[in-house]
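Quick note: to get the numbering used here, add 200 to the position in the sequence shown (first position is 1).
Note that beta-carbon positions come from the ideal geometry of N, C-alpha and C, so glycine has one too.
Working notes, beginning with the structure itself.
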Amino acid sequence: MRIEFHRISPTFRYPKRVESHKSHFWEERAMPLPRARFISAHPFLLPGAPAIMITRVLIFSALTMISCDDQKEADEPVVDPERGREILEAIKAGKTDHVTRMIERERNLLYAKDEFGWRPLHLAVRYRRTELVSFLIRKGANVNQQDGDGQTALMWAIEYERPDYVESLLMVGADPNIREVSQDWGPLHKACFYSLPKVVKMLLDKGADVNHVDETGRSPLLWALTPISHDNRLEVLPLLLMRGADVDVENKEGLTPIQIVEGRGGETAGTLVAMLRKYGAVTE
Numbered sequence: 201m202r203i204e205f206h207r208i209s210p211t212f213r214y215p216k217r218v219e220s221h222k223s224h225f226w227e228e229r230a231m232p233l234p235r236a237r238f239i240s241a242h243p244f245l246l247p248g249a250p251a252i253m254i255t256r257v258l259i260f261s262a263l264t265m266i267s268c269d270d271q272k273e274a275d276e277p278v279v280d281p282e283r284g285r286e287i288l289e290a291i292k293a294g295k296t297d298h299v300t301r302m303i304e305r306e307r308n309l310l311y312a313k314d315e316f317g318w319r320p321l322h323l324a325v326r327y328r329r330t331e332l333v334s335f336l337i338r339k340g341a342n343v344n345q346q347d348g349d350g351q352t353a354l355m356w357a358i359e360y361e362r363p364d365y366v367e368s369l370l371m372v373g374a375d376p377n378i379r380e381v382s383q384d385w386g387p388l389h390k391a392c393f394y395s396l397p398k399v400v401k402m403l404l405d406k407g408a409d410v411n412h413v414d415e416t417g418r419s420p421l422l423w424a425l426t427p428i429s430h431d432n433r434l435e436v437l438p439l440l441l442m443r444g445a446d447v448d449v450e451n452k453e454g455l456t457p458i459q460i461v462e463g464r465g466g467e468t469a470g471t472l473v474a475m476l477r478k479y480g481a482v483t484e
């Protein structure tokens, strides 16, 4: 990564996205970068470099990333607000013919969005408009576009338990490792939380990171052990273990998967413990 330093004039203004954040914005954006890894990526910051120098570089890095995000939005076609609202409401109402006619005439309506950052594809998935999901994908809707919370169409498809949508989105390049904003969890975390073995397999086949730990301190394996539904845990767990899930990963309380299972008990506890041990889980 190359960082370019620019002289800041007295009239410099932060990007709009920054102005609305609290004062601790920079710490939140910069601190997840491990110091040693950051220094190794920037050889001019040798070990022992003054903290102020590292802080300045982190801040400029964050500014660069945010400015790039703003530039991406600035590069999008302009959408008339009234037409944008019209197409989004039409999708919610299931007016398939009306939506298709609008898109055929005005391709830029693919970029319409509401105050929550929801785009036509997000709403088509959330409202289960199957024909429109397929149509919007064919017309080139950005399958990796994130809404205001960082959710993509793929994440919404998982949350609404639509493996057919998941398959279609992955086929056209949906990113299985993209993260949402608040918890830094991705599609695989969601699929494990909702206990969806078919979706878990599809995501893993597309390269989803089986060991990514989110802001709650949970990996996909830990989410699989604490799902919203317990119906398919015995199907989800081996899929993760066979792909190299860390069987001894600890949550924020310092508990490993096997300790969590043993502590909760239940009818399937014995089977889950045996499965974890088979893949090398350490027991005390």
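Separation of the CB atoms of Val473 and Ile460 is rounded to 10 Å, and the pair is thereby denied contact status at 8 Å.
For Arg464, the enclosing alpha helix (DSSP H) has its first and last residue at Pro457 to Arg464.
For Asp297, the enclosing alpha helix (DSSP H) has its first and last residue at Thr296 to Arg305. With a 10 Å radius around the Cβ and a threshold of 16 neighbouring Cβ atoms, Ile291 comes out buried.
Boundaries of the alpha helix (DSSP H) harbouring Gly470: Ala469 to Lys478, taken from the DSSP string. The beta carbons of His389 and Ala353 sit no closer together than 8 Å. Taking all protein chains in view, the Cβ of Lys452 is surrounded by fewer than 16 other Cβ atoms within 10 Å, so the residue is classified as exposed. Excluding its 5 nearest sequence neighbours in each direction, Pro363 has C-beta neighbours in its own chain below 6 Å: Lys398 and Val399, listed in chain order. Every unbroken stretch of the alpha helix (DSSP H) spanning 4 or more residues and falling wholly within the region 401–426 is given here in chain order: 420–425. Counting along the chain, Glu315 sits inside no alpha helix (DSSP H), nor does DSSP assign it H or E at all. The C-beta distance from Gln345 to Arg319 rounds to 5 Å, short enough to meet the 8 Å contact threshold. Nearest C-alpha to Thr456 among Met442, Leu440 and Leu476: Leu476.
Residues of the same chain with a CB within less than 6 Å of the CB of Ala445, apart from the 5 flanking positions on each side, are Val410 and Leu421 in chain order. DSSP places Asp364 in the helix class (H, G or I) of the three-state scheme.
DSSP, read as helix, strand or coil, puts Lys390 in helix.
Each of Met402, Leu437, Lys406 and Asp405 was checked against the Cα of Ser419, and the nearest Cα belongs to Leu437.
Counting along the chain, the unbroken alpha helix (DSSP H) around Val333 starts and ends at Thr330 to Arg338. Our two residues, Val325 and Leu441, have alpha carbons roughly 30 Å apart in a direct line. Ile287 counts as buried, since at least 16 other C-beta atoms from the protein chains shown sit within 10 angstroms of its C-beta. Of Thr416, Leu336 and Gly470, the smallest CA-CA separation from Arg301 is found for Leu336. Taking Ala357 as reference, the option from Arg338, Thr416 and Leu396 with the minimal CA-CA separation is Leu396. Across the structure, Val381 and Glu462 are spaced so that their CA atoms are roughly 32 Å apart.
In its chain, beyond the 5 residues on either side, Leu310 and Leu321 have a beta carbon closer than 6 Å to the beta carbon of Ala341. Cβ-Cβ separation between Glu415 and Asp384: approximately 4 Å, consistent with a contact (criterion under 8 Å).
In the structure shown, the three-state DSSP call for Trp356 is helix. Residue range Pro320 to Arg326 is occupied by the alpha helix (DSSP H) that includes Ala324.
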